[in-house]
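Mapping of the sequence shown onto our numbering: position 278 corresponds to residue 287, and the numbering continues sequentially without gaps. Structure, as structure tokens:
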Amino acid sequence: MTRGNDTSLLRCPRCLGALEESAGNALRCAACAADYPSLGRYHDLFVESRPAPPYPAELAHLHFPREGLLAMTPPPETAWDRLFGRRDFNRGWERDLQALQDTVRQAGCCERGRAEFMKDDEASPAFEHQRREVRVKARKIMRRVLGATPAGSRGGLVLHVGCGGRCNDGIPVEYARAGYVNHGVDAVRSYVEEFLDQGHAQLANALALPYADASFDVVNYTDILEHLFDPLGGLVEAVRVLRPGGLLMLDTPGYASIDRSRALSYLEYALGRAFPATRRRRLVTASWDGQTFFHTEFTARELRRLLSLAGLDILSLDNETFHPAELDGPPPRPSLLRRLTPAGSWFALARRPS
């Protein structure tokens, strides 16, 4: 097995059979004979996802199979769009949808086809801002995880799904300080290689995790659900590798939240709560380092339903901000208005029933 990178928990991502070392430090499944090559310190265990679980009608809009995504067309502009000045937003939405569809035609509905050899620009201001923001997020994560874990049973194994690289290293650093052993998977080679500084990692698909059932005490699912064309399938996989009683820590963007720089946004939010048809279009794209990729967002109701369908008991679901200024001191107490109106992210902690 690869020195310094624990592979004892690994299973075939196709059939979950046991893996054996073969020529050239590759891994071979003893059950289906699939081969997984060595990429030096880690293995290529990326396979296409397993069949998607059935979605109930009220969540079908969150599943984006290839054919459905390519057939998407922009919804017509509404009177509410004109009232709230969404013309530029809608134009950008339409432009980015076209870019995403072009990428899907070339690479398919998986992050590997788009981003396997992507590298972050570590000299960019965006990279440093993200890294500082993640360090704030990491502290909030550990307060929740440790608060839900009896003192005598803290520590163990944590799997970071979509582990990211140095841009996100504040999260595994906090887990290690709390006594956890870090494992990670990602579809980006540079992220896997960078995560190896914090623990163990493999190139793999969040929709087909290469681990045995009930392997981990915690699954860290931050900044990943919004990238999945099959979010329920991703959560089902996360629960599969979680031990009974184990925790899933998730954060993901919120749909139709407040843009605090625009006073009109408060009215927009209030109307959207009462009349969902008035909301802006749901995002299906985002950009990072010059690339457009799949990136959606969720309401609290949708998240609760997804987590429940995956077999989890929700312990908390909160709205959070992760401002880098919190690194330099305690955050100011938010105003009543700020506490009543959500910012951009949902923070959920859930447990797999024992």
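Each residue gets a CB set at the ideal place from its N, CA and C atoms; glycine is no exception.
Task: Strand pairing of Trp355, partner residues [DSSP] - done: Mapped onto the sequence shown, residue 355 falls at position 346. Partner(s): Thr261, Asn328.
Task: Coarse secondary structure for Glu335, derived from DSSP in three states - done: Residue numbering aside, residue 335 sits at position 326 when the sequence shown is read from its first letter. Three-state result, Glu335: helix.
- [ ] Starting from the N-terminal side, write out each stretch of the alpha helix (DSSP H) that is 4 residues or longer and does not extend beyond the region 225–281.
- [x] 240–249
Task: Residue ranges of each alpha helix (DSSP H) within the region 122–208, 4 or longer - done: 134–156, 179–186, 198–204
TODO: Would you grab the beta carbon distance between Ala213 and Val194 for me? Rounded to a whole angstrom, and I think it's under 8 Å.
DONE: Here the question's residue 213 lines up with position 204 in the sequence shown. Here the question's residue 194 lines up with position 185 in the sequence shown. Confirmed, about 4 Å.
Task: Closest by C-alpha distance to Leu78, when choosing among Ser58, Leu237, Val250, Ser17 - done: The residue given as residue 78 occupies position 69 in the sequence shown. The option with the nearest alpha carbon to Leu78 is Leu237.
Task: Start-to-end residues for the beta strand (DSSP E) that takes in Leu36 - done: Start at 1 with the first residue of the sequence shown, and residue 36 comes out as number 27. Leu36 -> beta strand (DSSP E) spans 36–38.
Open item on the list: If I measure Cβ to Cβ from Glu120 and keep anything under 7 Å in the same chain, skipping five residues before and after, which residues do I get?
Closed with: Residue numbering aside, residue 120 sits at position 111 when the sequence shown is read from its first letter. Closer than 7 Å at the Cβ level, and outside the excluded window around Glu120, lie Ala196, His236.
Open item on the list: Comparing C-alpha positions only, which one of Ala116, Ala132, Asn177, Arg313 sits nearest to Lys146?
Closed with: Sequence index remark: in the sequence shown, residue 146 carries index 137 (1-based). Nearest C-alpha to Lys146: Asn177.
Open item on the list: Suppose contacts are defined by Cβ-Cβ distances below 8 Å. Is Ala359 in contact with Leu321 by that definition?
Closed with: Sequence index remark: in the sequence shown, residue 359 carries index 350 (1-based). Sequence index remark: in the sequence shown, residue 321 carries index 312 (1-based). Yes, they are a contact pair.
Task: Enclosing alpha helix (DSSP H) for Thr378 [first to last residue] - done: Here the chain comprises residues numbered 10 to 363, so residue 378 is not present and cannot be evaluated.
Task: Residues that DSSP places opposite Leu19 in a beta bridge - done: In the sequence shown, the residue the question calls residue 19 occupies position 10. DSSP output for Leu19 lists Tyr220 as bridge partner(s).
- [ ] Could you spell out the range, first to last residue, of the alpha helix (DSSP H) harbouring Phe98?
- [x] Numbered from 1 along the sequence shown, position 89 holds the residue referred to as residue 98. Here the alpha helix (DSSP H) through Phe98 covers 96–116.
Open item on the list: According to DSSP, is Thr301 part of a helix, a strand, or is it coil?
Closed with: Locating residue 301 in the sequence shown gives position 292, where the first residue counts as 1. Strand at Thr301.
- [ ] Determine, using beta-carbon pairs with one atom in the region 283–297 and one in the region 102–113, whether at least three such pairs fall under 8 Å.
- [x] yes
TODO: Drop a sphere of 10 angstroms on the beta-carbon of Leu168, count the other beta-carbons inside from all chains shown, and report buried for 16 or more, exposed for fewer.
DONE: Within the sequence shown, numbered from 1, the residue matching residue 168 stands at position 159. Burial call: buried.
Task: Classification of Phe204 by the beta-carbon crowding that lies within 10 angstroms, buried from 16 upward - done: The count along the sequence shown starts at 1 and reaches residue 204 at position 195. The residue in question, Phe204, is buried, as its Cβ has 16 or more Cβ neighbours within 10 Å.
- [ ] Return the Cβ separation of Arg198 and Phe126 in integer angstroms, given the expectation that the two are a contact with Cβ distance under 8 Å.
- [x] Position 189 of the sequence shown holds residue 198. Position 117 of the sequence shown holds residue 126. At roughly 6 Å, the Cβ-Cβ gap stays under 8 Å, so Arg198 and Phe126 are in contact.
Open item on the list: Taking the beta carbon of Leu19 as the centre, do at least 16 other beta carbons fall within 10 Å, making it buried, or is it exposed?
Closed with: By one-based count along the sequence shown, residue 19 stands at place 10. Per the 10 Å Cβ criterion, buried.
Open item on the list: Helix, strand or coil for His72? Go by DSSP, reduced to three states.
Closed with: Counting from one through the sequence shown, the residue named residue 72 turns up at place 63. If DSSP states are grouped into helix, strand and coil, His72 belongs with coil.
Task: When Tyr64, Asp129, Leu257, Leu324 are compared against Glu202, the one with the closest alpha-carbon - done: Residue numbering aside, residue 202 sits at position 193 when the sequence shown is read from its first letter. Among Tyr64, Asp129, Leu257, Leu324, the Cα nearest to that of Glu202 belongs to Asp129.
- [ ] Can you tell me the Cβ-Cβ gap for Ser58 and Leu216, rounded? I've got them flagged as a contact below 8 Å.
- [x] As a working note, residue 58 is residue 49 in the sequence shown. As a working note, residue 216 is residue 207 in the sequence shown. About 3 Å; that satisfies the 8 Å criterion.
Task: Status (buried if at least 16 other CB within 10 Å, exposed otherwise) for Phe73 - done: The residue given as residue 73 occupies position 64 in the sequence shown. Classification for Phe73: buried.
Task: First and last residue of the uninterrupted alpha helix (DSSP H) at Leu315 - done: For the purposes of this step, residue 315 is identified with residue 306 of the sequence shown, where counting begins at 1. Where Leu315 is concerned, the enclosing alpha helix (DSSP H) stretches over 309–318.
Task: Cβ neighbour criterion (16 or more within 10 Å) applied to Gln207 - done: Position 198 of the sequence shown, counting from 1, holds the residue named residue 207. With 16 or more other Cβ atoms within 10 Å, it is buried.
Open item on the list: I need the DSSP call for Val290, collapsed to helix, strand or coil.
Closed with: Mapped onto the sequence shown, residue 290 falls at position 281. As written in the sequence, residue 290 is Arg, which differs from the Val given in the question. Coil.
Open item on the list: Please state whether the Cβ-Cβ distance between Gly242 and Ala61 is less than 8 Å.
Closed with: Mapped onto the sequence shown, residue 242 falls at position 233. Mapped onto the sequence shown, residue 61 falls at position 52. Yes, these two residues count as a Cβ contact at 8 Å.
TODO: Run the CB neighbour count on Arg271, radius 10 Å, all protein chains shown included, and call it buried at 16 or more, exposed below.
DONE: In the sequence shown, residue 271 corresponds to position 262, counting from 1. Classification of Arg271: exposed, given that the 10 Å Cβ count is below 16.
- [ ] Rounded to whole angstroms, what's the CA-CA distance from Pro159 to Ala357? Just pull it up for me.
- [x] Within the sequence shown, numbered from 1, the residue matching residue 159 stands at position 150. Within the sequence shown, numbered from 1, the residue matching residue 357 stands at position 348. For Pro159 and Ala357, the distance between alpha carbons rounds to 19 Å.
Open item on the list: Determine whether the beta carbon atoms of Leu155 and Asp226 lie at a separation below 8 Å.
Closed with: On the sequence shown, position 146 is the one that residue 155 refers to. On the sequence shown, position 217 is the one that residue 226 refers to. Their beta carbons are not under 8 Å apart, which means Leu155 does not touch Asp226 by this criterion.
Task: Leu28 - containing alpha helix (DSSP H), residue span - done: Locating residue 28 in the sequence shown gives position 19, where the first residue counts as 1. First-last for Leu28: 28–30, but that is the beta strand (DSSP E), not the alpha helix (DSSP H).
Task: Whole-number beta carbon distance between Ala185 and Arg163, since they are thought to touch under 8 Å - done: Along the sequence shown, read from residue 1 onward, the residue named residue 163 stands at position 154. Along the sequence shown, read from residue 1 onward, the residue named residue 185 stands at position 176. That pair is no contact at about 12 Å.
Task: Spatially closest choice to Tyr64 from Leu318, Thr330, Gln211, by CA coordinates - done: On the sequence shown, residue 64 is found 55 positions in, with the first residue counted as 1. Closest option to Tyr64, Cα to Cα, is Leu318.
TODO: Please classify Leu265: is it buried, with 16 or more other beta-carbons within 10 angstroms of its beta-carbon, or exposed?
DONE: Your numbering for residue 265 matches position 256 in the sequence shown. According to the sequence displayed, residue 265 carries Ala and not Leu. Classification for Ala265: buried.
Open item on the list: With distance defined between alpha-carbon atoms, name the residue in Tyr45, Pro181, Ser325 nearest to Gly33.
Closed with: By one-based count along the sequence shown, residue 33 stands at place 24. Nearest option by C-alpha distance: Tyr45.
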